[in-house]
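Okay, structure first, notes after.
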Amino acid sequence: MEVKAERTRRRLIVAGTIALAAMAITAIGFETSRGAAAGPEAASSPHANEYLPSISDLMIATIQPRYDRLRQAEQNGDWEFAAYELGNLRGAFGRLGRAHPTEHDIPFPEMIASVTEQPFKELNGAIPAKDSAAFAKAYADLTEACNSCHQALNHGVIRIR
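Heads up: the sequence shown begins at 3 in the numbering used here, then just goes up one per residue.
This is the structure we're talking about:
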């Protein structure tokens, strides 16, 4: 049953990613069909920033897959890929904070940094040392940090395990 739930969850992630890509392609096609320039000036068009993915969109499309791949890389003993995914995860959180500078009147980038800083530091130590026990602790700390953020933002129904 767990395998079926995991398969369903992955299909939803893929479907969401495809939907986001389709929206982006549609937006580009719309801009092009209106005769907008394809050069650098197109990036500054008034339509360039119309679509802003929600926090939930970004969590599902960027944070969650990287979080999962980080764990999977460690389980597979692929420490090089774990380091790569940790960098991607950190970058995704940074982009999330820049895209949504405040949430419920809270400076979101600072909130993200405050809950992820210590677990990321621990993971940065565990991965090059290839220390599975330290990784497990740091990963659990990151999971609890994410859950505390969800609680603080009144999204306690979202509980990462």
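Even glycine gets a Cβ: it sits at the ideal position worked out from N, Cα and C. Note that the coordinates shown come from a computational prediction; the quantities given were computed from them, not determined experimentally.
Please go through the same chain and pick out, in chain order, the residues whose beta-carbon is closer than 6 Å to the beta-carbon of residue i, but skip the five residues on each side of it.
i: residue 28; result: Low per-residue confidence applies at residue 28: pLDDT is 47, beneath 50, and the placement is therefore not dependable, though the value from the model is reported in the following sentence. Cβ within range, chain order: n/a, list empty.
i: residue 81; result: 129, 132
i: residue 60; result: 98
i: residue 102; result: 57, 110
i: residue 139; result: none
Measuring only the C-alpha atoms, how far is residue i from residue j?
i: residue 117; j: residue 144; result: 8 Å
i: residue 115; j: residue 91; result: 12 Å
i: residue 95; j: residue 65; result: 7 Å
i: residue 137; j: residue 85; result: 11 Å
i: residue 79; j: residue 112; result: 32 Å
i: residue 153; j: residue 70; result: 21 Å
i: residue 100; j: residue 83; result: 26 Å
i: residue 107; j: residue 159; result: 20 Å
Give the range of the alpha helix (DSSP H) segment to which residue i is assigned.
i: residue 163; result: Note, residue 163: premise wrong, no alpha helix (DSSP H); not H, not E.
i: residue 144; result: 134 to 154
i: residue 126; result: 110 to 131
i: residue 99; result: 81 to 101
i: residue 76; result: 66 to 77
i: residue 165; result: The first residue shown for the chain is 3 and the last is 163, placing residue 165 beyond what the model contains.
Among residues of its own chain, excluding the 5 on either side of residue i, which ones have a beta-carbon nearer than 7 Å to its beta-carbon?
i: residue 134; result: 76
i: residue 105; result: 57, 155
What residues in its chain sit with their C-beta under 8 Å from that of residue i, if we drop five residues either side in the sequence?
i: residue 88; result: 72, 122, 125, 126, 129
i: residue 120; result: 143, 147
i: residue 141; result: 72, 73, 76, 121, 125
i: residue 161; result: 149, 152
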